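Add 129 to a position in the sequence shown, counting from 1, and you land on the number used in our numbering. As structure tokens, the structure follows; a few thoughts come after it.
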Amino acid sequence: MPISDIPLKGTHNLENVLAASCAGTLTGCEPEQIRKAVRGFRAVEHRLEHVATIAGVEYYNDSKATNVDATIKALESFPANIHLILGGKDKASDYTLLNDLLRSRVKQVYTIGAAAAKIESQIKGAAEIDHAETLENAVHQASKAAERGDIVLLAPACASFDQFRNYEHRGKVFKETVKALADHA
């Protein structure tokens, strides 16, 4: 099965598919059954979930990326042209760990929430930064700056409890904001 047939983004998801395929093979599944299951599988809500494509710009919700490592995995899932929404409630994180990926893959970072100032100070010079304050502002500003072929990615590297009830609530607000953009496109 070619990798291009796997509907999930990211090397980490490829590893998951390989593990699931091995488990299926060991339990007696036929290769075509495995291929069909893999092709039909969709991302779990709030985990690199494709929300919409608007004017050639793809929007992804990874609100579950509540730490720096998860955000790194999300960034590694796309080769370039990312508009990244970062921020929320800090977990005593080291955001400098993002800098190499920001330099190589990210066009612009939009900071939100209580951790915005800390994030901005630690990533300064690695990417252009837009202090958006709220998720809704970040989505709107990213949609104005993004060009056909770009990605708008919510992968905040922070907890959600400063502005939202939980990461699910944050992800739903992202999706609702993107859907409103699509309705007006």
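A virtual CB, placed ideally from N, CA and C, is assigned to each residue, including glycine. Remember, it's a predicted structure, so these values are computed and weren't measured experimentally.
Query	Result
Where the beta strand (DSSP E) through E187 begins and ends	V186 to N190
Cβ neighbours of H141 in the same chain (closer than 6 Å, five flanking residues each side left out)	K202
C-beta contact flag for H175 and N190 at 8 Å	yes
Residue span of the alpha helix (DSSP H) that contains V307, given as start and end	Y296 to H313
T263, enclosing beta strand (DSSP E) - first and last residue	From DSSP, T263 is part of no beta strand (DSSP E); its letter is neither H nor E.
Terminal residues of the beta strand (DSSP E) in which A181 lies	E178 to I183
E161, buried or exposed, once every other Cβ within 10 Å from all chains shown has been counted against 16	exposed
Sheet register partners of I241 (DSSP bridge)	G216 and E262
From I248, Q237 and A149, residue whose alpha carbon lies closest to that of R209	A small correction: the amino acid at residue 209 is Ala; Arg does not occupy that position in the sequence shown. Minimum Cα distance to A209 is reached at Q237.
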